[in-house]
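Inspection log for the structure reproduced underneath, given as structure tokens.
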Amino acid sequence: MRIGIHAGDTNTHGVLMKGTAILADVQLTTTTDIVDGITKAVSIILIKTNVDPAEISAVTVGTSYFSKAIEERRNLTPVAVVRLGLPATQAIPPFTDWPADLQEMINGHAYMAHGGYEFDGRAISQLQPPEIQEIANRIRDRGIQAVAISSVFSLVNPSMEEEAAHIIQESIPEAVITLSHEIGRMGLLERENAAIMNACLCELAKNVIQTLQQALANLRIHAPLYLSQNDGTLMAANYAERYPVLTFASTSSNAKCGAAFLSGAREAVVIDMGGKTSNIGVLVSGFPHESIFAVYLGGVRVNLRMPDVFTFNLGTGSLVSLDPLRIGPESVGQELTKRSLIFGGSDLTAIDIAVAAGITDMGQRSAVAGLSPRKVDRAMREMQRMVEQAVNQMKVNSAPLVVVLVGSGSILIRPRLAGALDVIRPDYFAVARAVGAAIGRVGGETDRVYSLSRISRETALQEARESACAKAAAAGANPSTIQVVDEQVTPLNYLRGNVLRVRIRSIGDLEQGI
Amino acid sequence: MIELDKRQVHDLALGAKIMGGGGGGDPYLVELMAQEAIRTSGPVHVWAVEEVPDDALVVAVGMMGGTTVLAERLPSNREIVRVISTLERYLDHPITALISIEMAGVNGVIPVISAARLALPLIDGDLMGRAFPGIHMTLAALAGLRATPMVIVDARGSQVILDTADNLTTEILARSIVMDMGGAAQFALYPMQGKQLCHIALSGSMSQIIHIGRSLHEAQDNSQDPILAIQRATQGRELFRGKVTDVQRHWQIGHDYVFGDASVEGEGVYMGQEMTLKFQNEYLLAVVGRHLVTSVPDNIVVLEARTANPIPPEFLISGVDLVAFGLPCAPRWRTPEGLSIVGPRTFGYDVDYRSITVSREIRMDS
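Chains as they are written, first to last, in our numbering: chain A, 15 to 528; chain B, 1132 to 1497.
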């Protein structure tokens, strides 16, 4: 049996699953202390079902906690950045184009050193150990313990990043070092940005994950812990401690994977409606459709693998004014049960409208009985229109399509949408994110560049496949179950066509199985 | 005389990015460099083509090679200055003004960096009117000018001066050198006098790109339809809308670049139709059904339907929803001489040029 938890910004959801059956579910308001909320959800599940904790084979957790730490600029540690690439790359130093407040908070100094590779594997310049040693001394003297290392074309050859890390680790044994080739894709600045963000979160991630493991052990759950990644796959806890940046998009991906599982749809538009906002994205062959463009996290441009998501401001806690009609963008968020009319508060919110319209029953219906039915109806139609507009923006062609509605906010609208072939609000819709976490498999990804003057195409592809599979294994997949699920081979533009960029994704089962 | 300030460079970069939807790379990084150059060296003076003195010595500057390489092995800043100083030494004459070789993608913006750093005026024009993959594919070459002497400088500081017999040879040699320089390098080429330039350059193309960028910025600020804003600003003709269902890339003996084919399933008024986009580094042919609707040298620009983000060929994948626009090329490209340099056959496609301005459609016999 697996326990899946998703701790979002507003709500924490949990499910207990045995194979494909959902045995129990739970919904809570997300607590400031992330571990408290998750532990509470797990204990409620154990109490509700009376399951022996020893029967739990895995706990899988998705969370927006780390991306929120970046958005809200809290609990971040200063990072020293070491970039290998001189004499190239000086035109655009590390931290270029960062929001000033975030840069001020985590800029523990940037160092540019010799090193780095050309696309064909030659060195731009040799790594100079004394230069790195000198940088290590200065980082140590400043008392900085989080280090991000980037090297030009480390996706062609990671050796220099590794060698520099070795020298710095020797000097600063307690340093936590993020290497850009382990998380990012092609594009030095964006990959370096992702490495810096990862490094500034490592201390927080280690604390949160280790506290959570201890809390689970206190509940006598000794099963391994996994965290959800950006594409909805999982990674083992010890891997997640080192790569917290890979959890950033897990909320929308878990919702989509959960929606695919609950509805049985493999090609659909998924709308995940929460307390403040709603996310809309597309499922292609049962996986969240990926964005092909660079994304901004906390105002910083990164090139992580991220789902293509469109967010609009509608959720159960959206503030509503009836005269003139206005819905959102402000929301009462986590204070829904204090501030909305049906829960005894004094703010008119979207959930009050849905209760007044009679499409859902919650709280004290009498509290909204005085609202003008005509105005309630207009507000309902406006919410419906907001969702239809978002579906229109997202749809990939004009053919009618299947829409899956999930998330606790999906009770706000009637399951009939203009332009949709079918609208499915599956059972357990409210806890779809937790289901997505629970059913996840372990994933790995690789992005490499090969020059075919030095290696045959087949050997290059084979090496990239092995690298993607090794990453899935490192993230906790059972090696005998790992398969390649996606391969993209594109030539680098404006270079004679023998330089290939190879992107491969692999997926395997959890080490313990289900 | 006008000046390029921070805001205009931002508009220019967005306009060049949109035109980069036909090829030429994403100017994000070079815009950062241009903004930094303007911040430290002040705004760039712009000369209209007709303002250029007859005796001015003008050269085109830009980068050559892979834009993916440029985004990975970032420049050092020195190469952008060195291409000019080395060429000045070789010519034994100071350079008076700079011009863009192609007003699309990264090369729409790089000349701003050079002009700011060297305090040289920049000319409101370019030598291609769109992105092309070869340095011999210019209106200057069409007018009989030699691309050389040409200087190429890489990020490590190596520099090469080419002085060649003809422009195609320049392209072949320069491409090989740039590959061995790590796949991306800065160049200065086509030195010419002001009195030659006024007959050669595509006048006003930089202003036009700034206008396109500004129109899109304004549409975004006012939550207006970005695609419509781009169409209006570019005067482009919508060729097709739909979803990419298949992308194939194949290597062909005798050709440097990979040949790509994308199938696009129509939506809206194009429902039931299919478009095939033939591409290499740029989109080169658009075939709807069996009819060739547009071909190189007219420009095919591809945008994502929802966000209006340009999708250059290297990022094209299945599942993407796109809008394709056709933009007319400079009229000089439509002459037999022009087509012998940039027509479909020079890219390996055995079809006649198909202008978007002609409404009659030619049947393709597959």
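Note that the Cβ used here is the ideal one computed from N, Cα and C, for glycine as well.
request  = Since I believe residue 1367/B is in contact with residue 1236/B (beta carbons under 8 angstroms), could you give me their beta-carbon distance rounded to a whole number of angstroms?
outcome  = Going by Cβ atoms, the distance from residue 1236/B to residue 1367/B rounds to 17 angstroms, so no, they are not a contact pair.
inquiry  = Give me, in chain order, the residues of the same chain whose beta-carbon lies closer than 6 angstroms to that of residue 213/A; leave out the 5 immediate sequence neighbours on both sides.
reply    = Within its own chain, the residues whose Cβ lies closer than 6 angstroms to the Cβ of residue 213/A, once the five positions on either side in sequence are excluded, are 93, 160, 162, 192, listed in chain order.
ask   = Can a CB atom of chain B be found closer than 8 angstroms to the CB of residue 515/A?
value = yes
task = Can you grab the Cα-Cα spacing for the pair residue 122/A / residue 202/A, in whole Å?
result = About 19 angstroms.
inquiry  = In this structure, how does DSSP classify residue 1409/B when only helix, strand and coil are distinguished?
reply    = strand
Span separating the alpha-carbon of residue 512/A from that of residue 240/A = 40 angstroms
query = At a Cβ threshold of 8 angstroms, is residue 1258/B touching chain A?
reply = So, not an interface residue.
request  = Pick out whichever of 290/A, 310/A, 284/A has its Cα sitting closest to the Cα of residue 298/A.
outcome  = 284/A
task = Using only the heavy atoms of the ligand ATP, determine whether one of them is closer than 7 angstroms to the beta carbon of residue 451/A.
result = Absence of the ligand ATP from the depicted structure is noted, as is the absence of any ligand whatsoever, leaving it without description.
request  = Taking residue 1134/B as part of the beta strand (DSSP E), name the residues at either end of that continuous run.
outcome  = 1133-1135
query = Along chain A, in chain order, which residues have C-beta atoms closer than 8 angstroms to that of residue 1286/B?
reply = 101, 102, 103, 138
task = Note down the Cα distance separating residue 395/A from residue 327/A, rounded to an integer number of angstroms.
result = 16 angstroms
Any C-beta of chain A under 8 angstroms from that of residue 1446/B = yes
request  = Pull out every residue of the segment 1196-1217 of chain B whose Cβ sits closer than 7 angstroms to any Cβ of chain A, in chain order.
outcome  = Listed in chain order, the positions of the segment 1196-1217 of chain B with a beta carbon within less than 7 angstroms of a beta carbon of chain A are 1196, 1197, 1198, 1199, 1200, 1202, 1203, 1204, 1205, 1206, 1207, 1208.
ask   = Among the residues of its own chain, which have a CB less than 6 angstroms from the CB of residue 1314/B, if the five just before and after it don't count?
value = 1196, 1197, 1200
query = Should residue 1140/B be labelled buried (16 or more other beta-carbon atoms within 10 Å of its own) or exposed?
reply = Around the CB of residue 1140/B, 16 or more other CB atoms lie within 10 Å, so the residue is classed as buried.
task = Check the C-beta distance from residue 447/A over to residue 269/A and give it rounded, since I have them as a contact under 8 angstroms.
result = 5 angstroms
key: Counted within 10 angstroms of its Cβ, other Cβ atoms place residue 449/A as buried (16 or more) or exposed   = It is buried - the Cβ of residue 449/A has at least 16 other Cβ atoms within 10 Å.
Residue 1324/B versus residue 1264/B - alpha carbon distance = When rounded, the separation of the alpha-carbon atoms in residue 1324/B and residue 1264/B is 25 angstroms.
Minimum C-alpha distance to residue 1326/B - residue among 1151/B, 1184/B, 1477/B, 1435/B = 1184/B
inquiry  = One question on the structure: do residue 73/A and residue 17/A come within less than 8 angstroms of each other, judged by their Cβ atoms?
reply    = Cβ atoms of residue 73/A and residue 17/A: closer than 8 angstroms.
Residue 110/A: contacting residues in chain B (beta-carbon distance under 7 angstroms) = 1163
key: Residue environment, residue 234/A, which counts as buried when at least 16 other CB atoms sit within 10 Å   = exposed
key: Collapsed DSSP secondary structure at residue 530/A in the structure displayed   = Any question about residue 530/A goes unanswered here, given that chain A covers just 15 to 528.
ask   = By how many angstroms is the C-alpha of residue 275/A removed from the C-alpha of residue 428/A?
value = 22 angstroms
ask   = Which whole-angstrom value describes the C-beta separation of residue 1389/B and residue 1426/B, a residue pair presumed to lie in contact below a C-beta threshold of 8 angstroms?
value = Rounded, the Cβ-Cβ distance is 19 angstroms, inconsistent with contact.
ask   = Nearest-angstrom Cα distance between residue 296/A and residue 1370/B?
value = 26 angstroms
Residue 1224/B: first and last residue of the uninterrupted alpha helix (DSSP H) it sits in = Taken as a continuous stretch (DSSP letters only), residue 1224/B belongs to no alpha helix (DSSP H), as it is neither H nor E.
Three CB pairs or more closer than 8 angstroms across the segment 1296-1308 of chain B and the segment 1328-1347 of chain B = Result no; under three Cβ-Cβ pairs closer than 8 angstroms.
request  = With a threshold of 16 other CB atoms inside 10 Å of the CB of residue 343/A, please say whether the residue is buried or exposed.
outcome  = Answer is exposed; the Cβ neighbour count stays below 16.
message = Rounded to whole angstroms, what is the Cα-Cα separation between residue 1280/B and residue 1224/B?
response = Between the C-alpha atoms of residue 1280/B and residue 1224/B there is a straight-line separation of about 13 angstroms.
request  = Starting from residue 32/A, follow its DSSP beta bridges and name the residues at the other end.
outcome  = 35/A
ask   = Within the 8 angstroms Cβ cut-off, does residue 1387/B reach chain A?
value = yes
ask   = Using the C-alpha atoms, what's the distance from residue 170/A back to residue 400/A?
value = 46 angstroms
Burial state of residue 211/A, where buried means 16 or more other Cβ atoms lie within 10 Å = buried
task = Just confirm the distance between the C-beta atoms of residue 15/A and residue 65/A, as a whole number of angstroms; I'd bet it's less than 8 angstroms.
result = Right, their Cβ atoms sit about 7 angstroms apart.
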